[in-house]
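Below: the structure, in structure tokens.
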Amino acid sequence: MLKQFDTGRSTDRLLRASHSLQALLLARRNAQGWWEGHLSTSPLSTATATFALMQAVRRLPDGDQSRQFLSTARRGLDWLIQHQNQDGGWGDTLLSLSNISTTMLVHATLHLELQANVCGAEQTRLLEVVERAKAFIADAGGVPALIARYGQDRTFSVPILTQCALSGLVSWKHVPPLPFELAGVPARFYAAMRMPVVSYALPALIAIGQVVFRNRGHWNPLLWLIRKLAIRPTLAVLEKIQPSNGGFLEATPLTSFVCMSLLDCELIDHPVTRRCLAFLQQSVREDGSWPIDTNLATWVTTLSVNALTYCSTGRQMPDPNERIPASAASLETLTNVGPTILNGASAADSVQDWSREPIRQWLLRQQYRVTHPYTNSPAGGWAWTDLPGGVPDADDTPGAMLALINMRSMAESWTAGEVSALRAGAEWLLNLQNRDGGWPTFCRGWGKLPFDRSSCDLTAHVLRALRRWKEQTPGITAADERKVEKAVQRGLNFLKQKQVADGSWLPLWFGHQFQPQDENPLYGTAKVVLALSEIQHHQSAMCQAGVRWLQQNQNDDGGWSASRGLRSSVEETGLAVEALAAFTEAEESLKRGVDWLCQQVDAGTVTSPSPIGFYFAKLWYFEELYPLIFATAAIERVRAIKAAAALSSVRR
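Below you can see the structure in the form of structure tokens.
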């Protein structure tokens, strides 16, 4: 296996790349010992936050708070003006193409400022920027194009139109009403009501629904009365589900949309409004901009741990016939001795020592122990962040489970807390599985809109975690094994049904701006192939078809993008190499991919990010740690499989 890496030169280069990547990644930890990452600055977030603060200034009496909000809003306006693209529009990140959604939001914000009696050179500058934005929007198709972009999903189109209506650019008759009264129904019935927004958009449903109702009413007297009576009860729901720091989902756009809607409803003194404003004021960056979300700390930490531990005593590649023996001690007395060296048994390979115990304890503290007030999710899951606005989901939960498992070597004992947490996580995932066999992000049964449906990338991640939990943790019963295998088989059937005819799979949470429909089959296919290889389904027809797709879509330079012909990126090449590392039939593709990654390490470009992340509803972002993490995972898995093959050869 991996014969092409048997030469001393190739091995040395691989080891040098490994050491460089590990050092770079470990250097990005915070003072507490884990990773916080750094999300891309967002013109869209900056536009919505600035707009909300400007609205607040208009309604507040002159004073310290009003002047503070005005100063922050001015900085946001300056940032937006400075970062207009040459075509007159704005994209979701500074690396993204201009799009109608972000440009309409920025235009609305600038238009609101024009109404504030600006004059002189400032007015001239602002008018020039606004005229260019108007031209871009007109060329893009205006309001009809915006609505067409999102189809039946009103999660994002209605908030955008609401901000435009609040600024006076769009008539309220063009803003579809939202049935906010449904939020007064007990949460257990939400999935059955076929909401016009996704499960995580409940705050927008309530706040935007109310401001639209306030400005356009309803032609049906009975429905008008129902909505009038629903205002107070649904505001109480909104207050109940708001995180303590004010940020819904830690998301600047969602929090801003809620805030601006409540402000127009003359609710500036409402607790929800006040907390939203405080969140926006506290989360602005030094340059006057806002990110799309505060951070993805849990997500990037578990990704980092799982990348770094591929070579830690081979824990990520278990022998399916070898089970970890349960400790003779009771769970309460299991020892907790974590390794502190990167490569477990081989300290010489380590770039530097790193302690896993702070990460382990941090992850254990983050697991939700009670029903989540927002999505009504039961206890047991993990969110993408350690901040109050997080919501447990089916990507971060398997990621956290795998990290906890990977931080224990085969020879170590487990603590009662770890065993309990892993069991709770597994049960949470088992209960979340949809009837189609796949896993959704947040809530079971919300299948009307794309971002609530089962997805291939999440399903693949869950299959890896469940199988590893069953095979590598103590206390697993025969009943546990049956439940896991039944869920795995249903998940495999889902993946088989969702495989595209060309052998690829499409993901939910990642895309590519130059790909038709913004899709990223590379991400989806790599994640599924990786999962199938880890759960011993590498010889299946669907896995082999996925491997062939990856080989056929490799670029001439040795790297990968969403599909062949698009510019290779570190993230996508790392994903492909990690997935193909265990397949001897892909040796030539693998060699070229590893060479491409090593070239990026040597050239110092391995940390260059690409905007391939989706943050809900076609909203792009990039995370500065993604290229480093994905490249590290790729190189470390290649090294781990190479080492395992060499050891197997010696034993023979």
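Per my numbering, the sequence shown runs over residues 3 to 654. Every residue gets a Cβ at the ideal spot worked out from N, C-alpha and C, and that includes glycine. Given the structure is predicted, the values throughout are model-derived calculations rather than measurements.
Pair within 7 Å by beta-carbon distance, residue i and residue j
i, j, result
"Y370", "P390", "no"
"G382", "G427", "yes"
"F616", "F512", "yes"
"D597", "W551", "no"
"P161", "W92", "no"
"A385", "L434", "no"
"N247", "T387", "no"
"K485", "L432", "yes"
"Q165", "F250", "no"
"S457", "N436", "no"
"P380", "H463", "no"
"I537", "L465", "yes"
"T157", "A135", "no"
"D94", "L621", "yes"
"L424", "N308", "no"
"L26", "L630", "yes"
"I270", "R61", "yes"
As assigned by DSSP and simplified to three states, the class of residue i
i, result
"A405", "helix"
"R358", "coil"
"G427", "helix"
"A647", "helix"
"P293", "strand"
"E241", "helix"
"Y623", "strand"
"E38", "coil"
"W507", "coil"
"W441", "strand"
"S329", "Residue placement at S329 is poorly supported in this model, since its pLDDT is 29, which falls under 50; the coordinates still yield a value, given next. Three-state result, S329: coil."
"G78", "helix"
"S348", "Its pLDDT being 34, under 50, S348 is placed unreliably in this model, and the coordinates cannot settle the point."
"E288", "coil"
"S2", "For the chain, the structure presents residues 3 to 654; residue 2 sits outside this window and is missing."
"W384", "strand"
"R466", "helix"
"T164", "helix"
"S535", "helix"
"A29", "coil"
"E414", "coil"
"A209", "helix"
"S570", "coil"
"S98", "coil"
Per-residue burial, residue i [other beta carbons within 10 Å of its own, 16 or more giving buried]
i, result
"F121", "The question names Phe, yet the displayed sequence has Cys at residue 121. Exposed, since its Cβ has fewer than 16 Cβ neighbours within 10 Å."
"K644", "buried"
"R229", "buried"
"L17", "exposed"
"N555", "buried"
"T126", "exposed"
"S306", "buried"
"T479", "exposed"
"D141", "exposed"
"Q541", "exposed"
"L508", "buried"
"K488", "exposed"
"T373", "exposed"
First and last residue of the uninterrupted alpha helix (DSSP H) at residue i
i, result
"L305", "A299 to L310"
"H272", "Counting along the chain, H272 falls outside any alpha helix (DSSP H), and DSSP gives it neither H nor E."
"Y202", "Unbroken run through Y202: none, as it is neither H nor E."
"W551", "A543 to Q554"
"N495", "A480 to K500"
"W149", "In the sequence as displayed, the identity of residue 149 is Ile instead of Trp. Segment G144 to Y152, the alpha helix (DSSP H) holding I149."
"W562", "First-last for W562: undefined, no H or E at that position."
"V393", "First-last for V393: undefined, no H or E at that position."
"C600", "E589 to A605"
"H113", "I102 to L116"
"V59", "P45 to R61"
"D397", "D397 -> no alpha helix (DSSP H), and no H or E assigned at all."
"T254", "T254 to D266"
Neighbour flag for residue i against chain D, beta carbons, 7 Å
i, result
"D64", "You won't find chain D in this structure, because it holds only one protein chain."
Check your understanding: Do the stretch 254-272 and the stretch 29-42 make contact, defined as three or more Cβ pairs closer than 8 Å?
Key -> no
Practice item. Evaluate the contact criterion for the stretch 271-290 versus the stretch 250-260: three or more CB pairs, one atom per stretch, below 8 Å. Key: yes
Exercise for review: Give a yes or no on contact between the stretch 76-85 and the stretch 105-119, applying the rule of three or more CB pairs nearer than 8 Å.
Suggested key: yes
Practice item. Could you say if the stretch 539-550 and the stretch 624-641 meet the contact criterion of at least three C-beta pairs nearer than 8 Å? Key: no
Practice item. Mind the definition here: the stretch 554-569 touches the stretch 520-527 only if three or more C-beta pairs lie below 8 Å; say whether that holds. Key: yes
Exercise for review: Determine contact between the stretch 225-244 and the stretch 174-184, defined as no fewer than three beta-carbon pairs at a distance below 8 Å.
Suggested key: yes
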